[in-house]
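Trainee: Numbering (the working numbering), first residue to last: 13 to 193. Note that the Cβ used here is the ideal one computed from N, Cα and C, for glycine as well. Can you keep this structure in mind? I'll have questions shortly.
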């Protein structure tokens with residue numbers, strides 16, 4: 013979807029909403045929602061997360077519309093809100109799961125990450141292959157490639173350097189490909 017022509021419309025709606033026009037505010041939220049959803053969805057793993065971030069952004073637009081300056085473009089202002097809300101969401105997500113273990117057999121994991129139920133049995137094969145790896149190598153791979161931690165976070169948790177984490181994950185992927193053929 014192309015939103016290039018919406019900049020002026022959004023700016024006008026924002027200015028009118030700042031003046032107390034409730035209809036303009038409703039229209040602003042309605043018209044930015046697809047754009048917010050699209051931008052927020054980049055880099056997020058599932059649709060629920062995208063919806064959560066989208067809702068956070070819309071609430072933030074509501075709360076901070078008074079900070080928007082009409083002499084500036086609207087999209088960068090909105091883009092900053094999207095970026096901050098997505099970052100906040102990911103921080104909360106990673107913080108909440110800092111001490112949790114992920115089991116590839118868990119119905120919750122399969123429901124979120126396996127898009128075709130015919131392949132759910134393959135997770136058991138992957139988990140069996142992972143069990144053949146040394147503990148540290150398995151931990152690095154699972155944290156980085158399955159649980160979605162950043163290389164920096166994995167490096168901190170394992171005491172390895174960031175390049176060593178990346179090399180380990182790459183080598184593990186090659187080893188797993190060989191084991192799963």
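Does DSSP put residue 57 in a helix, in a strand, or in coil?
Mentor: coil
Trainee: Any heavy atom of the ligand MN closer than 8 Å to the CB of residue 19?
Mentor: Questions concerning the ligand MN fall outside what the structure shown contains, since it holds no ligand whatsoever.
Trainee: What three-state label does DSSP hand residue 79 in the structure shown?
Mentor: Of the three classes helix, strand and coil, the one that applies to residue 79 here is helix, per DSSP.
Trainee: Cβ atoms of residue 149 and residue 78: under 9 Å apart, would you say?
Mentor: no
Trainee: Since residue 10 and residue 66 should fall inside the 8 Å C-beta cutoff, what is the C-beta to C-beta distance between them, to a whole number of angstroms?
Mentor: Since the displayed the chain opens at 13 and closes at 193, residue 10 lies outside it and no answer follows.
Trainee: So, is residue 71 buried or exposed, given that buried needs 16 or more other C-beta atoms within 10 angstroms?
Mentor: Counting Cβ neighbours within 10 Å, residue 71 comes out exposed, since fewer than 16 surround it.
Trainee: Which of the three DSSP states is assigned to residue 172 in this structure?
Mentor: Here residue 172 sits in coil by DSSP.
Trainee: Assuming contact is defined by CB atoms lying nearer than 9 Å, are residue 41 and residue 73 in contact in what I supplied?
Mentor: Using a Cβ distance threshold of 9 Å, residue 41 and residue 73 count as a contacting pair.
Trainee: Pick out whichever of 26, 158 and 81 has its Cα sitting closest to the Cα of residue 138.
Mentor: 158
Trainee: Taking residue 178 as the reference, give the member of 190, 192 and 162 with the closest Cα.
Mentor: 162
Trainee: For the alpha helix (DSSP H) that residue 23 lies in, which residues bound it at each end?
Mentor: Here the alpha helix (DSSP H) through residue 23 covers 18–30.
Trainee: Helix, strand or coil: which one does DSSP assign to residue 46?
Mentor: helix
Trainee: Do residue 48 and residue 90 have their CB atoms nearer than 9 Å?
Mentor: yes
Trainee: By Cβ distance, which residues of its chain are closer than 7 Å to residue 97, with the 5 residues on each side in sequence left out?
Mentor: 65, 68, 69 and 72
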